[in-house]
Structure formats: structure tokens, C-alpha cells
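With the sequence shown counted from 1, adding 37 to any position gets you the numbering used here.
Encoded as C-alpha cells, the structure appears first; notes follow it.
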Amino acid sequence: MEPSLQAVAFQAAIGFVIAAATSWFTIRLSLSKFRKEQLWEKKALAYERVIDAIHKAKKFSSEHLDAQYSGRDLPDERSEELRKLANEAKDEISRAADIGGFILSTQALEIIREYERRSKARHQRSDLTAARGDLYR
């Protein structure tokens, strides 16, 4: 006994529906995975930029302290180069604090904001010390 045309059409329709549903589900999973991977890449890049900026900011202080401890002065060119790097680093850290909420963790943002707060306080103290020094000259 041969299957009827109706039975064959029904089986073909069911096969098509199953294939379409499986394809849709597979595509959804693939897109979800792709988006998660992109987010991780963005997070890694953001953290890398912040760490690099902190390194550049630290380099200014480190080289000046090393020079002072060894009783020498940094050449003006090097000092200016370090100052430029430190300013760029400060801008990068501020940028990360401003837009990092989309990518960086809450804890990382809190640490960056604390770093900025302490850095600002340190600069204010050094400005005050420099102003006092001008008074006694």
C-alpha cells in the first residue's frame, strides 16, 4: 500500500517546520555567542587601556623619583615627554570612568574614581606647596 499524497505532504511539511525551527534556534545561539564574544573583546580592550594608562601615569612619578634619589635631574626633553604621557594617561583614565559603566565592572569603576580623587588631591597639595614656596623666595 502506497502512502497517500496527503500523508507525504504532511510529512514533508513537518520536516520543513522542524528544519526551520532548528535553523532558527541554531542561528539565535550563534548570534548570542558572537555578541558575548564581542563584549568580552571590548571588556579586555577597555581593561588593557586603563592598565596601560595607569602605567604611563606611574612612569612620570617613578622616573622623577628615581632621578631625585640618585641625585640627578631628568633632561628637560624626557621630563616633558613624561609629562605629556601622564596627561594623556589622565585623559584616558577619565574617559574610562566616564564611559566605562557600559563595559567595566562596578568595582573597577570605583577603583578608577578613587584613583582620580586621590590624584586630584595630590595635585592640589603640590600646587599649594609650590605656591607656598613662591611666598618665601
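Using N, Cα and C, we set each Cβ at its ideal position, and we do this for glycine too.
Helix, strand or coil, according to DSSP, for residue i in the structure here?
i    : result
I55  : helix
E100 : helix
E39  : coil
R65  : helix
D171 : The predicted model places D171 with a pLDDT of 49, which falls under 50 and marks its position as unreliable; any figure quoted below should be read in that light. Looking at D171 - three-state DSSP - the assignment turns out to be helix.
S107 : coil
A158 : helix
L141 : coil
Which residues bound the alpha helix (DSSP H) around residue i?
i    : result
L122 : 113–136
Would you mind giving the Cβ-Cβ distance between residue i and residue j, rounded to the nearest angstrom? I have them listed as a contact below 8 Å.
i    : j    : result
K157 : L122 : K157 to L122, Cβ: 18 Å. No contact.
A27  : I130 : Here the chain covers residues 38 to 174 and nothing more, so residue 27 does not appear.
L119 : K96  : 6 Å
I149 : A133 : 6 Å
A83  : L146 : Not a contact, Cβ separation roughly 11 Å.
Let me see if you follow: with CB-CB separation under 8 Å, is residue i close to chain B or not?
i    : result
G138 : In the structure shown, chain B cannot be found, because there is only a single protein chain.
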